[in-house]
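*Asks:*
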Amino acid sequence: PNISLTDFIAPESSGKKDHLGAFAVSIHGIDKHIKKFEEQHDDYNKIILQALADRFAEAFAELLHMKVRTDEWGYVAEEHLSNDQLIREEYMGIRPAPGYPACPDHTEKYKLFDLLKAQEHAGIMLTESLAMYPASSVCGWYFANPESKYFGVGKIEKDQVADYASRKEMSLDDVERWLSPILEYK
Numbered sequence: 115p116n117i118s119l120t121d122f123i124a125p126e127s128s129g130k131k132d133h134l135g136a137f138a139v140s141i142h143g144i145d146k147h148i149k150k151f152e153e154q155h156d157d158y159n160k161i162i163l164q165a166l167a168d169r170f171a172e173a174f175a176e177l178l179h180m181k182v183r184t185d186e187w188g189y190v191a192e193e194h195l196s197n198d199q200l201i202r203e204e205y206m207g208i209r210p211a212p213g214y215p216a217c218p219d220h221t222e223k224y225k226l227f228d229l230l231k232a233q234e235h236a237g238i239m240l241t242e243s244l245a246m247y248p249a250s251s252v253c254g255w256y257f258a259n260p261e262s263k264y265f266g267v268g269k270i271e272k273d274q275v276a277d278y279a280s281r282k283e284m285s286l287d288d289v290e291r292w293l294s295p296i297l298e299y300k
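For the sequence shown, the working numbering puts the final residue at 300, and the numbers step up evenly by one.
Written as structure tokens, this is what we have:
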């Protein structure tokens, strides 16, 4: 089957209560420490600090997702998961991110950042290659649908890319550049 993230959004006509959200989180302030470690040729502590900052950003995204599920939207108010269950993502809903298998187009970060005003509110910027700065940053969407699951888009053909480029009002060359890892053609 061809799955889409939109499959996990209840149509308005369904009458079902549904939720869809967005988030962007970041860890700031490690640059001066990284620079110090680089000046000291201390690769070990530099790598450890970068890894810790990345883990803290991911943990914050996980914490916010839990608060959304249990408090803000409250669709699983009685959720009591162990750390192991959280790591295995045994909760209801998903948290896909632009550039990952379910939504491989990094350019979708533009919409997400505009929606959230991520630079203004979280101090996160997008580089020319659409990496986030600070590097220890995470962004994505929250889907509450109990049927939602992670999946990979898979390889796509030129007609699909052309259709997508048309709908995004982008040139075929630009879309091919951003989606090059999943193109079925050369």
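Note that CB positions come from ideal geometry on N, CA and C, so glycine has one too.
May I ask whether a heavy atom of the ligand MG can be found less than 6 Å away from the beta carbon of Ile296?
*Replies:* The ligand MG is not among the ligands present in this structure, which contains no ligands whatsoever.
*Asks:* Pairing CB atoms from the segment 220 to 229 with CB atoms from the segment 258 to 266, are three or more of them under 8 Å?
*Replies:* No, the segment 220 to 229 is not in contact with the segment 258 to 266.
*Asks:* Where does the unbroken alpha helix (DSSP H) through Ser280 begin, and where does it stop?
*Replies:* First-last of the alpha helix (DSSP H) with Ser280: Lys272 to Lys282.
*Asks:* Roughly how many whole angstroms lie between the Cα atoms of Lys231 and Phe137?
*Replies:* Roughly 10 Å between the two C-alpha positions.
*Asks:* Taking the alpha-carbon of Val275 as reference, which of Gly268, Leu293, Phe265 and Gly266 has the nearest alpha-carbon?
*Replies:* Among Gly268, Leu293, Phe265 and Gly266, the Cα nearest to that of Val275 belongs to Leu293.
*Asks:* Would you kindly work out how many angstroms separate the C-alpha atoms of Asp277 and Leu178, rounded to a whole number?
*Replies:* The straight-line gap from Cα to Cα measures roughly 35 Å.
*Asks:* Within the continuous alpha helix (DSSP H) that includes Tyr256, where are the two ends?
*Replies:* Premise fails: Tyr256 lies in the beta strand (DSSP E), Ser251 to Phe257, not in any alpha helix (DSSP H).
*Asks:* Between Pro212 and Phe265, how many whole angstroms is the CB-CB distance? I'm expecting something under 8 Å.
*Replies:* Not really, about 15 Å apart at Cβ, beyond 8 Å.
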